[in-house]
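Structure first, then comments.
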Amino acid sequence: MPRIAAMTGNNAVSEAMRQINPDVVAAYPITPQTEAVEEFAEFVANGLVKTQYVPVESEHSSMSACIGSSAAGARTMTATSSAGFALMWEMLPIAAGLRTPVIMYVANRSLSAPLNIHCGHDDTMGGRDSGWIQIYSENAQEMYDNLIQAVRIGEDMDIRLPVMVSMDGFITTHSVERVDLLDDEAVKKFVGEFKMMNSLLDVDNPITIGACALQDYYTEAKRQHSEAILNSKAKILEVAEEYAKMSGRKYGLFESYKLDDAEYALVIINSAAGVAKMVVNELRAKGLKVGLLKPRIFRPFPAEEIKNALKHLKAIAVMDRVDAFGAGGTPTFTEVRSAMYGLPKQPLMVNYIYGLGGRDIRLEDINKVFQKLFDVVKAGKVDKVFDYLTVRE
Amino acid sequence: MAKKIMNRHEMPIGSVIKDPGCSMQYETGGWRNLKPVHDAKKCINCLLCWIYCPEGCIKVKDGKIADIDLKYCKGCGICAEECPDKVKAITMIEDKK
Numbered sequence: 000m001p002r003i004a005a006m007t008g009n010n011a012v013s014e015a016m017r018q019i020n021p022d023v024v025a026a027y028p029i030t031p032q033t034e035a036v037e038e039f040a041e042f043v044a045n046g047l048v049k050t051q052y053v054p055v056e057s058e059h060s061s062m063s064a065c066i067g068s069s070a071a072g073a074r075t076m077t078a079t080s081s082a083g084f085a086l087m088w089e090m091l092p093i094a095a096g097l098r099t100p101v102i103m104y105v106a107n108r109s110l111s112a113p114l115n116i117h118c119g120h121d122d123t124m125g126g127r128d129s130g131w132i133q134i135y136s137e138n139a140q141e142m143y144d145n146l147i148q149a150v151r152i153g154e155d156m157d158i159r160l161p162v163m164v165s166m167d168g169f170i171t172t173h174s175v176e177r178v179d180l181l182d183d184e185a186v187k188k189f190v191g192e193f194k195m196m197n198s199l200l201d202v203d204n205p206i207t208i209g210a211c212a213l214q215d216y217y218t219e220a221k222r223q224h225s226e227a228i229l230n231s232k233a234k235i236l237e238v239a240e241e242y243a244k245m246s247g248r249k250y251g252l253f254e255s256y257k258l259d260d261a262e263y264a265l266v267i268i269n270s271a272a273g274v275a276k277m278v279v280n281e282l283r284a285k286g287l288k289v290g291l292l293k294p295r296i297f298r299p300f301p302a303e304e305i306k307n308a309l310k311h312l313k314a315i316a317v318m319d320r321v322d323a324f325g326a327g328g329t330p331t332f333t334e335v336r337s338a339m340y341g342l343p344k345q346p347l348m349v350n351y352i353y354g355l356g357g358r359d360i361r362l363e364d365i366n367k368v369f370q371k372l373f374d375v376v377k378a379g380k381v382d383k384v385f386d387y388l389t390v391r392e
Numbered sequence: 000m001a002k003k004i005m006n007r008h009e010m011p012i013g014s015v016i017k018d019p020g021c022s023m024q025y026e027t028g029g030w031r032n033l034k035p036v037h038d039a040k041k042c043i044n045c046l047l048c049w050i051y052c053p054e055g056c057i058k059v060k061d062g063k064i065a066d067i068d069l070k071y072c073k074g075c076g077i078c079a080e081e082c083p084d085k086v087k088a089i090t091m092i093e094d095k096k
């Protein structure tokens, strides 16, 4: 039976994992992801799932075990955060390059130093070019829905790529929210059986995985990978369509909020989009034409679709919960601005860094950003493209 | 080099190798600058070179060194190095291909 429950984001993850019932989970605890794998380990101990749980000694090992298990032909999941994600780094492009569809939950957390356990998109944004598909989630409901869809996306025979699904550490992982849960059988049917491709355990068809490819083949391998991730957009939408039929909750490559007739808009990922929507509503009540775009799929980046959704605007503020030190803007900003390039009439664009290390983003902070957009349009130019929001200068 | 070079569509997904023993197609002899020359008169057939050759290029017949397979020999010189000092039956010479 479908149920409604009060759950933290981490509860929603372990519940989705229980329903997906993967063959193997190899994970190492790290704040703020711990609760999810801890609960899942309990499900394993209590016989609620048939999963083989591998308690590894580090995240480098967890991703290595996941790659081996997926290559053997098992549906494989893991979870991590921050420093754990960083320790996995060597193995991330290997999972992607070997085309092993490992599904990973990431609780977004800042990277040291200074040491900080709270939210930042440092981890996943740092791994954005590791060849994985990346899905971002605003709240526990989206996290639950995205994780179930990720299985179908990554394991698709035309895609075969690992997928990371993330939500904001503490802000979403530890807050209790209403979550609509699907029936166990419905999830089981939706994810289906894991289909093997080149299994290491297929003794009748022996294969070598992870061999070297030098100047003669490396380029073709990368080109093939690049094509697979670019082509995954259509499949992601197909899976979302099928999921909507089952759940009544529809997802796209991104969420457009009051954008159609908007003149000013924010582009913002994960939980802060919730706060920003409140500000959009308040300003709309005053008759101001404001809106918001919340990216869901960051890799592959839906550049063409985002350009079409934003091209009619007068001004755009792209906000990121991470700095890209010394770069020409933060990760989402450089992507969005690059997508907008070449339009005959380009919207004015500004870039803000906010909420680092879990710092709260308040309604008045978002209001300031919209005020900035009204000002640049009035002035007809952008004086300062890149700035920190809520910093003691 | 492999005999037939595949394009990106022909390559198996994830660079998996489906044909066992395909390294045979990769003729590493092309890497060689120096080539080993074996003197059967000096050789005592101790087979140390056969043990140490990383590519298995020392061919043995009836307990004696019969040939060196230059198709795969990279010219590393380990055979010449391992040949006992009092024997030195293998000399590395410049390989003018």
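Those protein sequence lines, which keep their order, are chains P and Z.
Residues 0 to 392 in numbering that gives the first Met the number 0 are what the first sequence lists, from first letter to last.
Residues 0 to 96 in numbering that gives the first Met the number 0 are what the second sequence lists, from first letter to last.
Positions of the beta carbon are idealized from the N, C-alpha and C atoms, including for glycine.
Predicted, not measured: the structure shown is a model, and the values here were computed from it.
Quick one: which residues of the segment 176-206 of chain P get their C-beta closer than 8 Å to a C-beta of chain Z? List them in chain order. Listed by position, the residues of the segment 176-206 of chain P near chain Z (Cβ gap below 8 Å) are Met196, Asn197, Asn204, Pro205 and Ile206.
Taking 6 Å as the limit between beta carbons, can you name the residues of its chain near P/Phe39, skipping five residues before and five after? Locating residue 39 of chain P in the first sequence gives position 40, where the first residue counts as 1. Cβ within range, chain order: Ser13 and Met16.
Please list, in chain order, the residues of the segment 222-241 of chain P that have any C-beta partner in chain Z closer than 9 Å. Residues passing the 9 Å Cβ filter: Arg222, Gln223, His224, Glu226 and Ala227.
Measure from the C-beta of Z/Met0 to each C-beta in chain P and report whether the shortest distance is under 8 Å. In the second sequence, counting from the first residue as 1, residue 0 of chain Z sits at position 1. Bear in mind that a pLDDT of 44 at Z/Met0, under 50, signals an unreliable position, so the model cannot answer this.
Across the segment 28-47 of chain P and the segment 59-69 of chain P, are there enough close Cβ pairs to call them in contact, namely three or more that are closer than 8 Å? Segment contact: the segment 28-47 of chain P against the segment 59-69 of chain P, fewer than three CB-CB distances shorter than 8 Å; contact not assigned.
Buried or exposed: where does P/Asp144 fall if 16 or more other Cβ atoms within 10 Å of its Cβ makes it buried? Stepping through the first sequence from its first residue, residue 144 of chain P is reached at position 145. When all chains shown are included, P/Asp144 counts as buried.
Give the range of the beta strand (DSSP E) segment to which P/Val55 is assigned. Here the question's residue 55 of chain P lines up with position 56 in the first sequence. Counted as a single uninterrupted DSSP element, the stretch harbouring P/Val55 is not any beta strand (DSSP E), since DSSP gives it neither H nor E.
Z/Lys41 CB to nearest chain P CB: under 8 Å? Taking the second sequence and counting its residues from 1, the one referred to as residue 41 of chain Z is at position 42. By the rule that beta-carbons nearer than 8 Å mark a contact, Z/Lys41 does not touch chain P.
Here's a check: name, in chain order, each residue in its chain whose Cβ is nearer than 8 Å to the Cβ of P/Lys306, leaving out the five neighbours to either side. In the first sequence, the residue the question calls residue 306 of chain P occupies position 307. Taken in chain order, the residues that qualify are Ala338, Met339 and Leu342.
Classify P/Val387 as buried or exposed, calling it buried when 16 or more other Cβ atoms lie within 10 Å of its own Cβ. Taking the first residue of the first sequence as 1, we reach residue 387 of chain P at position 388. Note that residue 387 of chain P is Tyr in the sequence shown, not Val. It counts as exposed.
Is the Cβ-Cβ distance between P/Pro346 and P/Lys313 less than 8 Å? For this step, residue 346 of chain P is matched to residue 347 along the first sequence. For this step, residue 313 of chain P is matched to residue 314 along the first sequence. Pairing P/Pro346 with P/Lys313 gives a Cβ-Cβ distance under 8 Å.
Spatial distance of P/Tyr242 from P/Leu110 (CA atoms): In the first sequence, the residue the question calls residue 242 of chain P occupies position 243. In the first sequence, the residue the question calls residue 110 of chain P occupies position 111. Approximately 34 Å between the Cα atoms of the pair.
Cβ-based neighbour list, P/Met103, same chain, cut-off 6 Å, excluding 5 preceding and 5 following: Along the first sequence, read from residue 1 onward, the residue named residue 103 of chain P stands at position 104. Apart from sequence neighbours up to five positions away, the residues of its chain that approach P/Met103 with a beta-carbon distance below 6 Å are Thr77 and Met163, ordered along the chain.
Could you give the residue range of the beta strand (DSSP E) that holds P/Gly83? If you number the first sequence from 1, residue 83 of chain P lands on position 84. Where P/Gly83 is concerned, there is no enclosing beta strand (DSSP E), although the alpha helix (DSSP H) it sits in stretches over Ser81 to Met87.
Should the segment 29-48 of chain Z be regarded as contacting the segment 175-193 of chain P, the criterion being three or more beta carbon pairs within less than 8 Å? Short answer: they don't touch.
Reference P/Glu397; option with closest CA among P/Asn115, P/Gly290, P/Val48 and P/Tyr263: As shown, chain P starts at 0 and ends at 392. That puts residue 397 of chain P outside it, with no answer to give.
Would a C-beta distance cut-off of 8 Å place P/Val390 and P/Val381 closer than the cut-off? Within the first sequence, residue 390 of chain P is the residue found at index 391, counting from 1. Within the first sequence, residue 381 of chain P is the residue found at index 382, counting from 1. For the pair P/Val390 and P/Val381, the CB atoms are not nearer than the 8 Å cut-off.
What separation, rounded to the nearest whole angstrom, lies between the Cα atoms of P/Ala316 and P/Val266? Mapped onto the first sequence, residue 316 of chain P falls at position 317. Mapped onto the first sequence, residue 266 of chain P falls at position 267. Those two C-alpha atoms are separated by around 6 Å.
Kindly list, in the order they appear in chain P, the residues whose Cβ is closer than 8 Å to that of Z/Gly28. Here residue 28 of chain Z corresponds to residue number 29 of the second sequence, with the count starting at 1. Listed along chain P is no residue with a C-beta nearer than 8 Å to that of Z/Gly28; the closest approach is about 16 Å.
From this set, P/Glu141, P/Ile147 and P/Pro161, which residue's C-alpha is nearest P/Glu176's C-alpha? Position 177 of the first sequence, counted from the start, is the residue given in the question as residue 176 of chain P. Here the closest residue by C-alpha is P/Glu141.
Classify P/Met156 as buried or exposed, calling it buried when 16 or more other Cβ atoms lie within 10 Å of its own Cβ. Here residue 156 of chain P refers to the residue found at position 157 when the first sequence is read from its first residue. Looking at its Cβ environment, which holds fewer than 16 other Cβ atoms inside 10 Å, P/Met156 is exposed.
Nearest-angstrom Cα separation, counted from P/Val274 out to P/Met393: Since the first residue shown for chain P is 0 and the last is 392, residue 393 of chain P is missing from the structure and cannot be characterised.
Can you check whether the C-beta of Z/Val15 is within less than 8 Å of a C-beta belonging to chain P? Along the second sequence, one-based indexing puts residue 15 of chain Z at 16. Yes, Z/Val15 lies at the interface with chain P (some Cβ there is under 8 Å from its Cβ).
Are the Cβ atoms of P/Leu86 and P/Ser57 separated by less than 8 Å? Counted from its first residue, the first sequence places residue 86 of chain P at position 87. Counted from its first residue, the first sequence places residue 57 of chain P at position 58. Going by C-beta atoms, P/Leu86 is nearer than 8 Å to P/Ser57.
Please state whether the Cβ-Cβ distance between P/Asn10 and P/Met166 is less than 8 Å. As a working note, residue 10 of chain P is residue 11 in the first sequence. As a working note, residue 166 of chain P is residue 167 in the first sequence. No, the Cβ-Cβ distance between P/Asn10 and P/Met166 is not below 8 Å.
Starting from the N-terminal side, write out each stretch of the alpha helix (DSSP H) that is 4 residues or longer and does not extend beyond the segment 301-343 of chain P. Runs of the alpha helix (DSSP H) inside the segment 301-343 of chain P: 302-309 and 330-339.
P/Tyr104: first and last residue of the uninterrupted alpha helix (DSSP H) it sits in: Locating residue 104 of chain P in the first sequence gives position 105, counting from the first residue. Boundaries around P/Tyr104 are those of the beta strand (DSSP E), Ile102 to Asn107, since no alpha helix (DSSP H) includes it.
Going straight from the alpha carbon of P/Glu154 to that of Z/Asn6, what length do you get? Sequence index remark: in the first sequence, residue 154 of chain P carries index 155 (1-based). Sequence index remark: in the second sequence, residue 6 of chain Z carries index 7 (1-based). Each residue's Cα considered, the two are about 24 Å apart.
Taking Cβ positions only, does Z/Met23 come closer than 8 Å to chain P? Locating residue 23 of chain Z in the second sequence gives position 24, where the first residue counts as 1. It does not; no Cβ of chain P falls within 8 Å.
Between which two residues does the beta strand (DSSP E) harbouring P/Val349 extend? Residue mapping note: residue 349 of chain P aligns to position 350 of the first sequence, counting from 1. Per DSSP, P/Val349 belongs to the beta strand (DSSP E) from Leu347 to Ile352.
Under a three-way DSSP split, which group does Z/His37 fall into? Taking the first residue of the second sequence as position 1, residue 37 of chain Z is located at position 38. Z/His37: strand per DSSP, three-state reduction.
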